[in-house]
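Chains as they are written, first to last, in this note's numbering: chain A, 1 to 123; chain B, 1001 to 1267; chain C, 2001 to 2560; chain D, 3001 to 3329. For every residue, glycine included, the Cβ atom is placed at its ideal position computed from N, Cα and C. Worksheet: one structure, shown below.
Structure below.
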């Protein structure tokens, strides 16, 4: 089969019971859990400080760190085959393109918006 | 034909490894579709927030940060128990698996319960989406604006009060100044509700609603997994369903990790 | 898993008399609950052909009504409903599942030498999603047919009193069907390839399906959320796209085209794959520029996501966005051009046999050539301003979708027909019908280019008398095309009953599906085949005793 | 005239000398039209060349290399050729880049009105265009002077429409909730068709009108004449003109036929049954009320869908419409 090699090297580093089983050690799981909780507190705490336009980016950065932890450890991506990571990252990439191109456009004609203007559509 | 013929191996796969990896890849692709599904809502959020930041800054204060924070912690907790459950399945620890799955489902109930409290609160105050947006004066969480004035200023349906212009006033929503000057935007917002606050609540209900539906679907899925686990179906040889359900559940958590700051923590 | 075929089948490779997937189990239930990809593919095929018939009837009714500028056989509202249903049925029910879900389902695992797709149950679920989606879509006809155009543009779609919700809900479910197929195919291609088939030993049809599947998986969910938002906007008043509630109708267009432009490539990529297979086999030549064709499939899939704004050049999007989208649109033209050059180069010095599938290949190159080149007009910002929403656009996408995808679908249908039915169709009638469809098609749609560039807007019930001559030519052409399709239907159905039994390899193809019997057994292959170069046609030679092609190395065995 | 423009003219089949538009294009009557036509014909001839190349080679190969007795097998030839493949990638790439830049340049010109443009407000509604001039006059046709840049600021009352004048090669979607802008400078006196190009419902294909391009001085004469028609014409005639120009005729017939709204034939002075069962005499007061507050007394058997004309029709105009209604017997 083209891609179905046993990943023995990876299995050896973990509690291997079966060639393709990789159980994440409990310590790692608990550590990630604790980190996520701390980061949740941090992201709430960050709203007490006003950094102007960076507010959004800081909140997003913290959320991204949290998401990365979840993906890497809870979702086993660190121990997984790279093709799964490629699928995931591709989806994020296309989402980013979708949002950013839509944003380029919308910002350009924002001043022309006339809120609530369409009387005949009143239902 | 494969020599290690497990009862869980479907006829068209050659080996359990091939089957396992196919399942995992399939699940990741499914998660990719979920990301793009929510992506549309994230895109709508980004576009409206870029266009009308004042609406988001004004309206997010009607959301309860504390409840949102608790819900975030609950979901993270459920993700943790889920990841632990997968570990238990891989190691064949049947009792731990069942307890952890049950805990995960319990967390999901907790999340939905709190979500219900939040929704009910907004329902009572009329802080609903688009056309249903009709805020009441009493019982408001924050005294940020005078909603009574906002309601009064809404022109009666079908009547165009303004003369000599082709452009009638906003058909719906509280009247007020749209903030164009970003410099003193915050000052403004302390006092007056911007136009089209309902846009925020449309986005809020669309995003949390779709997420809530995913939570419910996840609970059904986990319930089924728990049922199978209680029959002792899973172990080191066969834990794909637990693993895949876990992946789905983590994605639900992942989306909430972004929704929480985007909706509750605007400032 | 012994071959239960008769002695005759051992020689010719025809398994009609012996055990095959058609007679492996019996009864209606064995079909309705089948997990066999071939049976699911056949059910898809029958279903989409029924949809094609329905959509075609709407088209002919419209064309008849347009014979006169103001005198009609239907009312304006009925006309509007008919073009909407024509579009929605043809796109969501026929052409998107057309090649991947019907032909792809039948052929893909065979080409990979696999027993089935990776997730057979999901495959069946996909089919029943299609059925459910079709029921909802057609229900909308009864409930007050939709009159929004297949694009469901807001605010028209949120204010019209027709049953938009039923139709969009149907399209939403059809989206799931499409996602399931795409997901299944990606995993199948990644994990179920046989021994000896590295990525660059895959048949180009598989590459085409792979590119298609990527788009299906990444774009369709956005259609899902768009239609969901449209549904809640109509039912609950969530005003994401409603200008009266502070929403933005142009955002709907961004959402819609983020799916629906890549969807155009869902339609054309597998068609290109079919052409890659057939042009090589019927020229008896190794495909020219294999890697260029394979990579261009993936390039098209990737870039196709970034060109959606060219549907919105006059919607009021910014000049910057217009520029980006126009540039990327031209960029996506290049891989398509590369493919066309490669196909023509494949024919060079070949031994070309003009069987029906090859006539469709020629037809495709001609029509897709026009369709692709007229895309240059529409991708160019200034010219598109004039041509947008005219019949020029209608003609352009029919040349690409019909002249490209449907013609390739017909080519593929004839090419694989002997494989999955076990019978040959009537070659003479096949050629006549192919020529009729080609001639009728050009009459129908070329005149639409002219009237479009002269300013005739699309979706018009009444029109100015100066356009009448073009409309009349178009209508006459559509009837010629209709006759062609009737002929095809008749001889294909006849071949099911009285067709000559087909050999395992009637055309001399080198891809794996030709190495099993026609029709294939339930498990596809008695022995897992080993893949070589999928275009090494020289390894096969005609064997008169078999009535088909045999591997040169196996020839001795077959005769013996 | 530079060599390139001459060459382009030749390619374009002499579009500039052929303002009728030739085989492909409609009549050209604005400054933007020749620029678009030149590009159109450039792409056209480029396409014809490549199409002839592809189909020509295909036919040639089919004829020469078809399988026949004595030629059962192909001749050996390479499976790929890097030089060839790079060539047929790079040349089209360069050509489409030329088309892209050219198209973008013309597009910018089409979208950038000169500073001193004459501005007309355009309102799209189901299924009618209304044009409001700076002096407040509203007309159902777009009257413009020749050789003057005209800037259109467009809004929609209901769904998306699209303002399309083939002879000027301009088109712009008119989206509710924002202003759409377009401009042109007419170069030929005459009447040109306006279409709605974005599907908008039952009457979409009838949502046409005309651009009337006046000779120098003619526009001003027309404007002084129409701007004062209320005072110059007899009230009933002025009312008829308003009735047609301001959208009444889209929903009300004057011949007794059924439509979205009740016919106005023989209504004035007679009793009308209302939706709530009451009856009212259609006098001046009722007509006035129905125009300003259409939902107040809806005629039995009709939906309350009429938009208000408050702020859109002046008293004198309403009186004129009432006068016109008196003549409909």
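Burial state of residue 1123 of chain B is exposed, judged by a 10 Å Cβ sphere holding fewer than 16 other Cβ atoms.
According to the DSSP secondary-structure assignment, residue 3131 of chain D is paired through a beta bridge with D:3122 and D:3139. Taking 8 Å as the CB threshold, residue 3120 of chain D stays off the interface with chain C. Residue 3181 of chain D carries a strand assignment under DSSP once its states are collapsed to helix, strand and coil. From the beta-carbon of residue 3171 of chain D, the residues of chain C found nearer than 7 Å are 2314, 2385, 2386 and 2388. Between the stretch 2281-2289 of chain C and the stretch 3078-3094 of chain D there are three or more C-beta pairs closer than 8 Å, enough to call the two in contact. Shown here for residue 2488 of chain C: same chain residues with a beta carbon closer than 6 Å to its own, the five before and five after excluded, namely 2433 in chain order. Residue 1250 of chain B is a Cβ neighbour of residue 1079 of chain B, given a cutoff of 8 Å. Proximity to residue 2430 of chain C across C:2242, C:2089, C:2486 and C:2274 peaks at C:2486, based on C-alpha coordinates. Contiguous beta strand (DSSP E) elements confined to the stretch 2300-2330 of chain C do not occur, taking only those with 3 or more residues. For the stretch 2253-2272 of chain C, the set of residues with a beta-carbon nearer than 7 Å to any beta-carbon of chain B comprises 2255, in chain order.
Taking a Cβ-Cβ cut-off of 8 Å, the neighbours of residue 91 of chain A in chain C comprise 2218, given in sequence order. Neighbourhood of residue 81 of chain A in chain B, by CB distance below 7 Å: 1021, in chain order.
By the 16-neighbour rule on beta-carbons within 10 angstroms, residue 2454 of chain C is buried. Here residue 2238 of chain C is buried: its Cβ has 16 or more other Cβ atoms, across all protein chains shown, within 10 Å. Out of B:1102, B:1255, B:1193 and B:1121, the CA that lies nearest to the CA of residue 1228 of chain B is found in B:1102.
Residue 2190 of chain C has a beta carbon lying within less than 8 Å of a beta carbon in chain A. Annotated three-state conformation of residue 3252 of chain D is coil, per DSSP.
In terms of beta-carbon proximity, residue 1210 of chain B stays away from the interface with chain A, with every pair separated by 8 Å or more. Under a 10 Å Cβ-count criterion, residue 3074 of chain D is classified as buried, with 16 or more other Cβ atoms of the shown protein chains found around its own Cβ. Distance from the Cα of residue 3090 of chain D is smallest, within the candidate group C:2409, C:2088, C:2333 and C:2443, for C:2333. Residues of chain A with a Cβ closer than 9 Å to the Cβ of residue 1104 of chain B do not exist, since the nearest Cβ in that chain sits about 12 Å away. Bridge pairing for residue 3195 of chain D: D:3164 [DSSP]. Across the set D:3113, D:3111, D:3145 and D:3153, the C-alpha of D:3153 shows the shortest separation from the C-alpha of residue 3130 of chain D. Beta-bridge annotation (DSSP): residue 2411 of chain C is not paired with any residue. Rounded to whole angstroms, the separation of the alpha carbons of residue 3109 of chain D and residue 3238 of chain D is 40 Å. Residue 1127 of chain B and residue 3179 of chain D have their C-alpha atoms some 30 Å from each other.
Residues are counted here when their Cβ sits less than 7 Å from a Cβ of chain A; for the stretch 1229-1253 of chain B these are 1236, 1237, 1247, 1250 and 1253, given in chain order. The beta carbon of residue 1198 of chain B sits closer than 7 Å to those of 1129, 1130, 1133 and 1173, all from its chain and outside the five residues before and after it, given in chain order. DSSP places residue 2469 of chain C in no beta strand (DSSP E) but in the uninterrupted alpha helix (DSSP H) bounded by 2468-2498. In this structure, the CA atom of residue 2146 of chain C is about 7 Å from the CA atom of residue 2140 of chain C. For chain C, the residues of the stretch 3192-3215 of chain D that bring a beta carbon within less than 9 Å of one of its beta carbons are 3193, 3195, 3196, 3197, 3198, 3199, 3200, 3201, 3202, 3203, 3204, 3205, 3206 and 3208, in chain order.
Within the same chain, and ignoring the five residues on either side of residue 2278 of chain C in sequence, the residues whose Cβ sits closer than 6 Å to its Cβ are 2357, 2361, 2411 and 2415. Under the DSSP assignment, residue 2441 of chain C falls outside any beta strand (DSSP E), being part of the alpha helix (DSSP H) whose first and last residues are 2427-2453. The secondary-structure analysis by DSSP pairs residue 2548 of chain C across a beta bridge with C:2543. Taking a cut-off of 8 Å on C-beta distances, the stretch 3025-3035 of chain D does not touch the stretch 2317-2326 of chain C, as fewer than three cross pairs fall below it.
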